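Per our numbering, residue 2 is the first one in the sequence shown, and the count goes up by one each step. Notes to accompany the following structure.
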Amino acid sequence: MHKLIIQKPDTLGALASTLCVIHCLATPLIFITHTCSIGGYETSPSWWRNLDYIFLIISFLAVMRSVKNTSKSFMKSALWLSWGALFILLINEKILFVSLPEIMTYIAAFSLAALHIYNMKYCQCKTNKCCTYHG
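If you want it as structure tokens, here you go:
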């Protein structure tokens with residue numbers, strides 16, 4: 002995992018964001034199936050609920066590394082803003098501070114994945130001189 006974070010942070014970030022969306026989309030289906038099979042029992046396993054935090058940690062590490070290697074300065078802000086939005090939306094979902102549509106979380110996760118893919122395709126340094134991080 003460490004090697005993936007160092008050498009391919011955008012790949013890891015896009016993968017983590019996409020898996021986060023799949024997790025978010027699958028949760029209602031699992032609840033429905035679980036509710037129908039047990040007759041009203043609507044709890045999910047703690048490991049499933051905590052996947053959000055794992056995705057946030059992995060995507061944080063990927064963003065941190067990606068902003069050090071991008072050749073475009075706007076990507077640094079875009080990646081951090083997208084990750085920050087996803088972080089706030091997921092934490093809000095856990096504590097239910099404000100009722101927000103679920104689609105906002107999907108948009109934030111898809112945006113983060115898209116930014117990683119864009120950064121991977123168009124913003125990679127061709128020489129060591131364009132990046133802020135060398136090594």
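Yeah, the Cβ is synthetic: ideal placement off N, Cα and C, and Gly gets one too. What you are looking at is a predicted structure, and each value in this text was computed from that prediction instead of being measured.
Pick from the options that is closest to residue i, judged by C-alpha positions
i	options	result
alanine 109	Pro10, Val22 and Asp11	Val22
phenylalanine 98	Ile89, Thr106, Met105 and Ile104	Ile89
methionine 105	Asn120, Leu116, Leu87 and Ile92	Leu87
lysine 95	Asp11, Lys9, Trp81 and Tyr54	Tyr54
lysine 69	Asn120, Pro102 and Leu101	Asn120
glutamine 125	Ser112, Gly85, Tyr107 and Met76	Met76
alanine 63	Thr12, Gly85 and Lys122	Thr12
Bridge-paired residues (DSSP) for residue i
i	result
threonine 71	Gln125
As assigned by DSSP and simplified to three states, the class of residue i
i	result
proline 10	helix
glutamate 94	helix
serine 47	helix
leucine 16	helix
valine 22	helix
valine 99	coil
glycine 40	Model confidence at glycine 40 stands at a pLDDT of 44, short of 50, so the residue's coordinates are unreliable; what they give is reported in the following sentence. Reduced to three states, the DSSP call for glycine 40 is coil.
Beta-carbon proximity check, residue i vs residue j, cutoff 8 Å
i	j	result
alanine 79	threonine 19	no
serine 60	glycine 14	yes
leucine 91	leucine 57	yes
Classification of residue i by the beta-carbon crowding that lies within 10 angstroms, buried from 16 upward
i	result
asparagine 51	exposed
serine 67	buried
serine 83	buried
leucine 101	exposed
alanine 17	buried
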